[in-house]
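Trainee: What follows is a structure written as structure tokens; I'll ask about it next.
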Amino acid sequence: MRFFSGSVGGNIEGEKPESSFKEDKGHSTIVEEDIELERTIGLAGAFTVGIGTMIGAGIFVFPGIAVGYAGPAAAISFVIGGLIALIVALPTSELATAMPRSGGGYYFISRGMGSFFGSMVGISLWIGLIFASSFYLMGFGFYGKEVLVDLGVRLSVDPIVIAILFGLILILVSIFGTENSAKLQNLVVLILLGTLAVFLGYGSLDSFVFLGGNRVSEDFFSSGFFPIFSTAALVFTSYLGFAQVATIAGDIKKPGKNLPLAMIVSVLVVTTLYVLTIFVSTSVFNSADLFLFGETAIIEVSKAVLGPLGGVVILFAGLLATFSSANASILASSRALYSVSRDAILPKKLSKINLKYGTPHIALILATPLIVGLILFGRVEILAEVASFLHLVMYGLMCFALVFLRRMNPSWYNPKFTVPLYPYLPILGGLLSFSLIFFMELLTKLIGVTILILSISWYITYAKDIELKGVE
Amino acid sequence: MNRESISVGIYDLLSKSKVILLGLHELPEQTPVDQGRMQFQEKIKSKLSDYSESMEERGIQVSTKLVFTHKLEDTIKRVIKEENPSGFLILNPVTKIEKILLLAKTPEKLDGLHQLCKEMGLSKKEFGFWLLGKKENKGDFLEYLEQLENQKNVIEKRFVKRDKLIDEISEKSSIYDTIFMEEIGERFWELGIKLPEKIAKSSLGPILVIN
Numbered sequence: 000m001r002f003f004s005g006s007v008g009g010n011i012e013g014e015k016p017e018s019s020f021k022e023d024k025g026h027s028t029i030v031e032e033d034i035e036l037e038r039t040i041g042l043a044g045a046f047t048v049g050i051g052t053m054i055g056a057g058i059f060v061f062p063g064i065a066v067g068y069a070g071p072a073a074a075i076s077f078v079i080g081g082l083i084a085l086i087v088a089l090p091t092s093e094l095a096t097a098m099p100r101s102g103g104g105y106y107f108i109s110r111g112m113g114s115f116f117g118s119m120v121g122i123s124l125w126i127g128l129i130f131a132s133s134f135y136l137m138g139f140g141f142y143g144k145e146v147l148v149d150l151g152v153r154l155s156v157d158p159i160v161i162a163i164l165f166g167l168i169l170i171l172v173s174i175f176g177t178e179n180s181a182k183l184q185n186l187v188v189l190i191l192l193g194t195l196a197v198f199l200g201y202g203s204l205d206s207f208v209f210l211g212g213n214r215v216s217e218d219f220f221s222s223g224f225f226p227i228f229s230t231a232a233l234v235f236t237s238y239l240g241f242a243q244v245a246t247i248a249g250d251i252k253k254p255g256k257n258l259p260l261a262m263i264v265s266v267l268v269v270t271t272l273y274v275l276t277i278f279v280s281t282s283v284f285n286s287a288d289l290f291l292f293g294e295t296a297i298i299e300v301s302k303a304v305l306g307p308l309g310g311v312v313i314l315f316a317g318l319l320a321t322f323s324s325a326n327a328s329i330l331a332s333s334r335a336l337y338s339v340s341r342d343a344i345l346p347k348k349l350s351k352i353n354l355k356y357g358t359p360h361i362a363l364i365l366a367t368p369l370i371v372g373l374i375l376f377g378r379v380e381i382l383a384e385v386a387s388f389l390h391l392v393m394y395g396l397m398c399f400a401l402v403f404l405r406r407m408n409p410s411w412y413n414p415k416f417t418v419p420l421y422p423y424l425p426i427l428g429g430l431l432s433f434s435l436i437f438f439m440e441l442l443t444k445l446i447g448v449t450i451l452i453l454s455i456s457w458y459i460t461y462a463k464d465i466e467l468k469g470v471e
Numbered sequence: 000m001n002r003e004s005i006s007v008g009i010y011d012l013l014s015k016s017k018v019i020l021l022g023l024h025e026l027p028e029q030t031p032v033d034q035g036r037m038q039f040q041e042k043i044k045s046k047l048s049d050y051s052e053s054m055e056e057r058g059i060q061v062s063t064k065l066v067f068t069h070k071l072e073d074t075i076k077r078v079i080k081e082e083n084p085s086g087f088l089i090l091n092p093v094t095k096i097e098k099i100l101l102l103a104k105t106p107e108k109l110d111g112l113h114q115l116c117k118e119m120g121l122s123k124k125e126f127g128f129w130l131l132g133k134k135e136n137k138g139d140f141l142e143y144l145e146q147l148e149n150q151k152n153v154i155e156k157r158f159v160k161r162d163k164l165i166d167e168i169s170e171k172s173s174i175y176d177t178i179f180m181e182e183i184g185e186r187f188w189e190l191g192i193k194l195p196e197k198i199a200k201s202s203l204g205p206i207l208v209i210n
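In the order they appear, the protein sequences are chains A and B.
Oh and the first sequence: position 340 is 339 in numbering that gives the first Met the number 0, straight run, nothing missing.
Oh and the second sequence: position 108 is 107 in numbering that gives the first Met the number 0, straight run, nothing missing.
Written out as structure tokens, the structure is:
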């Protein structure tokens with residue numbers, strides 16, 4: 000049975016939100032009369048979505064930059080990021096098990112706090128994912144350039160050119176549809192985890208001089224305390240992936256169990272990897288050197304730890320990781336657009352699927368000039384921070400949406416997982432998410448606030464009659 | 000059903016059966032199934048409704064089910080587990096059912112398929128009996144075939160090695176209008192799904208895989 004519990008209204012084109020489906024008892028499908036939506040992603044698939052999105056930045060792009068700003072204490076910046084991600088992942092898990100539908104944060108906020116906040120988050124999240132995609136593609140560009148240098152190509156190719164070319168290829172492949180893309184993603188994540196386990200395991204032992212390595216001696220807090228927090232704000236992009244698991248909640252089998260597990264475990268795994276990466280990096284090089292190595296500093300670290308072969312392995316791992324994160328973010332951006340347009344906050348035609356390939360071609364085409372433009376803008380750190388800014392706004396509001404929903408207590412709100420220490424933990428998660436924004440660069444804040452204002456303006460002019468608060 | 004219309008022979012085949020009409024729409028993994036549902040449900044529901052009405056007009060009992068999925072085979076397996084049907088029909092065009100190929104891995108199962116045909120009102124059709132398996136079963140099969148010697152409507156008896164099955168079907172089954180086959184494990188299941196694609200050129204009719 001289709002159902003709404005509230006007035007929903009429509010947009011200026013007269014489109015109304017799509018109705019939701021009921022969950023079946025076995026949680027293998029979502030059902031409505033004789034229509035079923037098959038849930039096809041298991042725990043491993045959900046886990047690799049989280050890891051696959053996150054692993055690109057924290058290890059393969061940020062270490063050099065982060066250590067350059069915060070010194071060896073950049074490890075604390077990653078711990079801060081991981082803690083905030085974990086504190087947000089717990090409320091997200093409750094919301095996702097109560098509303099295991101496609102849309103993630105946007106869906107929770109629009110149902111908990113209404114269409115004003117929902118629209119602001121939904122539209123800005125789509126733009127945030129465009130920023131994130133551009134950032135990961137830039138990362139890929141840097142690794143691509145290193146590969147060309149390693150192969151002895153003498154041409155001086157700008158990483159921006161590589162990023163744009165690869166971005167266009169990735170979007171084209173996404174439009175024509177990729178068979179077994181989930182299996183490929185699983186394989187990529189498995190290869191990356193294996194490679195990093197060997198590299199970081201050996202590097203950590205080496206750092207303790209067990210294996211005869213030389214340890215660089217540098218004051219842990221050499222750059223002071225404030226940079227620890229500003230660096231935490233910068234590197235938070237490394238934690239954006241866990242919430243992508245919630246955006247595919249509609250396709251995940253047994254969401255009550257698999258969603259919280261995939262989100263929490265993926266945050267714990269990547270936090271451990273990030274901290275170990277900083278630890279190993281600062282053991283073999285000092286902060287100034289790592290900063291000079293820039294986005295591909297980890298290659299130099301691996302050469303120092305494992306020799307030239309280690310450098311080549313990590314170089315290709317970097318390519319794989321940035322590819323994986325860019326691909327996941329581009330696909331997530333089209334899903335984000337779909338979630339908002341199914342509620343008629345954006346025109347529904349934006350989420351149309353290609354008849355031949357079954358892919359959301361309009362959303363992907365729409366993202367293309369934005370991604371190219373942002374890559375040409377070329378400021379890696381700003382791209383990362385704006386993506387983080389927009390995600391942190393969503394995370395903060397998600398935590399408060401949980402409190403709103405608990406107080407509203409609609410009949411359909413029956414989460415399988417409940418957040419511990421309610422209401423303190425979600426409120427803390429919300430406050431921490433917002434407070435991290437204050438440590439970002441001024442330009443980031445200006446761009447972020449502008450995007451939020453534009454999103455709100457769109458809602459007011461196009462979809463202000465739509466009411467989603469408390470609607471299932 | 001791959002969008003084709005139901006051919007006349009199918010109504011004949013199912014005239015005494017209860018049918019669940021399963022509409023499947025497969026989407027790439029990157030596209031949410033609900034997104035596919037939003038765009039295609041009305042069109043597919045209307046098509047299913049047309050099929051179902053045309054079957055009901057011919058006295059066949061029909062219920063419908065429509066699934067949007069990323070994994071076609073997983074969905075078919077799940078639906079078969081939930082509904083526990085006697086078999087599932089892979090549609091191919093057929094105008095008239097006159098010759099039926101029965102395919103199983105034991106003589107008992109072959110006999111069961113033969114009985115099922117009788118229950119479906121198809122006892123007067125002509126039959127081919129193919130036993131699938133290893134050399135050890137061949138003796139049992141020959142014994143079973145002796146019992147069939149007196150039946151007039153047996154047109155062929157063949158022992159087929161399991162690893163040669165696809166080739167044998169592609170090359171030698173085109174004289175049949177339909178195949179009734181036993182569902183025996185993963186390999187056979189895969190065969191059931193992939194068969195129509197592999198032997199489409201040999202103009203083979205519908206395939207009923209017995210659960």
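Using N, Cα and C, we set each Cβ at its ideal position, and we do this for glycine too.
As the structure is a prediction and not an experimental result, all values here were calculated from the model.
Taking only three categories from DSSP, how would you classify VAL18 (chain B)?
Mentor: As a working mapping, residue 18 (chain B) is identified with position 19 in the second sequence. In this structure, VAL18 (chain B) counts as strand in the three-state DSSP scheme.
Trainee: So which residues on chain B does ASP250 (chain A) lean against when the C-beta distance must stay under 9 Å?
Mentor: The sequence position of residue 250 (chain A) within the first sequence is 251, counting from 1. Correct list: GLU28, PRO31, VAL32, ASP33 and HIS69.
Trainee: Taking only the alpha-carbon atoms, compute the straight-line gap between LEU467 (chain A) and ILE344 (chain A) and give it to the nearest angstrom.
Mentor: In the first sequence, residue 467 (chain A) corresponds to position 468, counting from 1. In the first sequence, residue 344 (chain A) corresponds to position 345, counting from 1. Those two C-alpha atoms are separated by around 10 Å.
Trainee: Can you tell which of B:LYS124, B:PHE158 and B:GLU125 has the C-alpha that lies nearest to the C-alpha of ASP139 (chain B)?
Mentor: The count along the second sequence starts at 1 and reaches residue 139 (chain B) at position 140. Among B:LYS124, B:PHE158 and B:GLU125, the Cα nearest to that of ASP139 (chain B) is on B:PHE158.
Trainee: Contact defined as beta carbons within less than 8 Å: I believe TYR458 (chain A) pairs with MET119 (chain A). What is the distance between those atoms, to the nearest angstrom?
Mentor: Counting from 1 along the first sequence, the entry for residue 458 (chain A) is found at position 459. Counting from 1 along the first sequence, the entry for residue 119 (chain A) is found at position 120. Going by Cβ atoms, the distance from TYR458 (chain A) to MET119 (chain A) rounds to 7 Å, so yes, they are a contact pair.
Trainee: For ALA343 (chain A), name the three-state secondary structure that DSSP assigns.
Mentor: Indexing the first sequence from 1 puts residue 343 (chain A) at position 344. Of the three classes helix, strand and coil, the one that applies to ALA343 (chain A) here is coil, per DSSP.
Trainee: Rank B:ASP11, B:LYS80 and B:ASP49 by C-alpha distance to the C-alpha of GLY58 (chain B) and give the top, closest one.
Mentor: Along the second sequence, one-based indexing puts residue 58 (chain B) at 59. It is B:ASP11 whose Cα lies nearest to the Cα of GLY58 (chain B).
Trainee: Are the stretch 397-405 of chain A and the stretch 420-436 of chain A touching, with three or more C-beta to C-beta distances below 8 Å?
Mentor: Yes, they touch.
Trainee: Using a beta-carbon distance below 8 Å, is VAL66 (chain B) in contact with chain A?
Mentor: Position 67 of the second sequence, counted from the start, is the residue given in the question as residue 66 (chain B). It does: the Cβ of VAL66 (chain B) has a partner Cβ on chain A nearer than 8 Å.
Trainee: At the level of alpha carbons, what is the spacing between SER301 (chain A) and GLN243 (chain A)?
Mentor: As a working mapping, residue 301 (chain A) is identified with position 302 in the first sequence. As a working mapping, residue 243 (chain A) is identified with position 244 in the first sequence. Computed Cα separation, rounded: 30 Å.
Trainee: Which word fits LYS17 (chain B), buried or exposed, when buried means at least 16 other C-beta atoms lie within 10 angstroms of its C-beta?
Mentor: Here the question's residue 17 (chain B) lines up with position 18 in the second sequence. Classification for LYS17 (chain B): exposed.
Trainee: By DSSP, does THR217 (chain B) sit in helix, in strand, or in coil?
Mentor: With chain B represented from 0 up to 210, any question about residue 217 (chain B) goes unanswered, as that position is not in the structure.
Trainee: Taking TRP411 (chain A) as the reference, which of A:VAL470, A:LEU42 and A:ILE247 has the closest Cα?
Mentor: Residue 411 (chain A) sits at position 412 when you count from the first residue of the first sequence. When each option's Cα is compared against that of TRP411 (chain A), the closest is A:VAL470.
Trainee: Grab the span of the alpha helix (DSSP H) containing VAL392 (chain A) for me, first residue to last.
Mentor: Taking the first residue of the first sequence as 1, we reach residue 392 (chain A) at position 393. Run containing VAL392 (chain A): 379-407, per the alpha helix (DSSP H) assignment.
Trainee: By the DSSP assignment, the alpha helix (DSSP H) with GLU440 (chain A) in it spans what residues?
Mentor: In the first sequence, residue 440 (chain A) corresponds to position 441, counting from 1. Segment: none, GLU440 (chain A) is in no alpha helix (DSSP H) and carries neither H nor E.
Trainee: To the nearest angstrom, report how far apart LYS108 (chain B) and TRP129 (chain B) are at their CA atoms.
Mentor: The residue labelled residue 108 (chain B) in the question sits at position 109 within the second sequence. The residue labelled residue 129 (chain B) in the question sits at position 130 within the second sequence. If I take the Cα positions, the gap works out to 11 Å.
Trainee: Which residue's Cα is closest to the Cα of LYS134 (chain B): B:THR105, B:GLN34, B:PRO31 and B:ILE168?
Mentor: The sequence position of residue 134 (chain B) within the second sequence is 135, counting from 1. Among B:THR105, B:GLN34, B:PRO31 and B:ILE168, the Cα nearest to that of LYS134 (chain B) is on B:THR105.
Trainee: Can you pull the chain A residues whose beta carbon is under 8 Å from the beta carbon of ASP73 (chain B), in chain order?
Mentor: As a position in the second sequence, residue 73 (chain B) is number 74, starting the count at 1. The answer, in chain order, is GLU37 and THR39.
Trainee: In angstroms with no decimal places, state the Cα-to-Cα distance between LEU42 (chain A) and PRO254 (chain A).
Mentor: Your numbering for residue 42 (chain A) matches position 43 in the first sequence. Your numbering for residue 254 (chain A) matches position 255 in the first sequence. Going from the Cα of LEU42 (chain A) to the Cα of PRO254 (chain A) covers about 9 Å.
Trainee: Three-state secondary structure (DSSP) at THR270 (chain A)?
Mentor: By one-based count along the first sequence, residue 270 (chain A) stands at place 271. Correct three-state label for THR270 (chain A): helix.
Trainee: Expressed to the nearest angstrom, what Euclidean distance is found between the alpha-carbon atoms of LYS200 (chain B) and LEU89 (chain A)?
Mentor: As a first step, residue 200 (chain B) is located in the second sequence; it is residue number 201 there, counting from the start. As a first step, residue 89 (chain A) is located in the first sequence; it is residue number 90 there, counting from the start. Residue placement at LYS200 (chain B) cannot be trusted, given a pLDDT of 49 that sits under 50; the coordinates are not used to answer.
Trainee: Quick check: the Cα distance between SER202 (chain B) and ASN353 (chain A), rounded to an integer number of angstroms?
Mentor: Translated into the one-based positions of the second sequence, residue 202 (chain B) becomes position 203. Translated into the one-based positions of the first sequence, residue 353 (chain A) becomes position 354. With a pLDDT of only 48 at SER202 (chain B), under 50, the local geometry of the prediction cannot be trusted, and no value is derived from it.
Trainee: How is THR96 (chain A) classed by DSSP in three states: helix, strand or coil?
Mentor: For the purposes of this step, residue 96 (chain A) is taken as residue 97 along the first sequence, with counting starting at 1. DSSP places THR96 (chain A) in helix when its eight states are reduced to three.
Trainee: Do the stretch 319-337 of chain A and the stretch 353-369 of chain A touch if we need at least three Cβ pairs shorter than 8 Å?
Mentor: Segments in contact, yes.
Trainee: Are at least three pairs of beta-carbons, each pair with one atom in the stretch 69-86 of chain A and one in the stretch 224-238 of chain A, less than 8 Å apart?
Mentor: Because the criterion of three Cβ pairs below 8 Å is met, the stretch 69-86 of chain A and the stretch 224-238 of chain A touch.
Trainee: Check whether chain A comes within 8 Å of MET37 (chain B), counting only Cβ atoms and requiring the distance to be less than that.
Mentor: Along the second sequence, read from residue 1 onward, the residue named residue 37 (chain B) stands at position 38. So, interface residue.
Trainee: Could you spell out where the beta strand (DSSP E) holding ILE178 (chain B) opens and where it closes?
Mentor: One-based indexing of the second sequence puts residue 178 (chain B) at position 179. Per DSSP, ILE178 (chain B) belongs to the beta strand (DSSP E) from 177-181.
Trainee: Measure from the C-beta of LYS253 (chain A) to each C-beta in chain B and report whether the shortest distance is under 8 Å.
Mentor: The residue labelled residue 253 (chain A) in the question sits at position 254 within the first sequence. LYS253 (chain A) does not count as touching chain B.
Trainee: Using a C-beta to C-beta distance shorter than 9 Å, which residues of chain B count as neighbours of TYR106 (chain A)?
Mentor: Locating residue 106 (chain A) in the first sequence gives position 107, where the first residue counts as 1. Near TYR106 (chain A) there are no residues of chain B at all, since even the closest Cβ is about 11 Å away, more than 9 Å.
Trainee: If you measure from the beta carbon of PRO359 (chain A) to each beta carbon in chain B, is any gap under 8 Å?
Mentor: Within the first sequence, the letter at position 360 stands for residue 359 (chain A). For PRO359 (chain A), the answer is yes, since a Cβ of chain B falls inside 8 Å of its Cβ.
Trainee: Taking C-alpha atoms, which residue in B:ASN210, B:PRO31 and B:LYS156 lies nearest to PHE67 (chain B)?
Mentor: What you label residue 67 (chain B) is simply residue 68 of the second sequence in a count that begins at 1. Among B:ASN210, B:PRO31 and B:LYS156, the Cα nearest to that of PHE67 (chain B) is on B:PRO31.
Trainee: Locate the beta strand (DSSP E) running through SER62 (chain B), then write down its first and last residues.
Mentor: Here residue 62 (chain B) refers to the residue found at position 63 of the second sequence. It spans 60-68 - the beta strand (DSSP E) in which SER62 (chain B) sits, taken as one unbroken run.
Trainee: Classify TYR423 (chain A): buried if its beta carbon has 16 or more other beta carbons within 10 angstroms, exposed otherwise.
Mentor: In the first sequence, counting from the first residue as 1, residue 423 (chain A) sits at position 424. With fewer than 16 Cβ atoms within 10 Å of its Cβ, TYR423 (chain A) is classed as exposed.
Trainee: Going by the CB atoms, is the gap between ALA386 (chain A) and LEU239 (chain A) shorter than 8 Å?
Mentor: For the purposes of this step, residue 239 (chain A) is taken as residue 240 along the first sequence, with counting starting at 1. For the purposes of this step, residue 386 (chain A) is taken as residue 387 along the first sequence, with counting starting at 1. Cβ distance < 8 Å, so LEU239 (chain A) and ALA386 (chain A) count as in contact.
Trainee: Using C-beta distances below 8 Å, list every residue in its chain close to ASN285 (chain A), excluding the 5 sequence neighbours before and after it, in chain order.
Mentor: Start at 1 with the first residue of the first sequence, and residue 285 (chain A) comes out as number 286. Excluding residues within five positions, the ones whose Cβ falls inside 8 Å are VAL215 and GLU217.
Trainee: Helix, strand or coil: which one does DSSP assign to LYS137 (chain B)?
Mentor: Against the second sequence, residue 137 (chain B) aligns to sequence position 138. Reduced to three states, the DSSP call for LYS137 (chain B) is helix.
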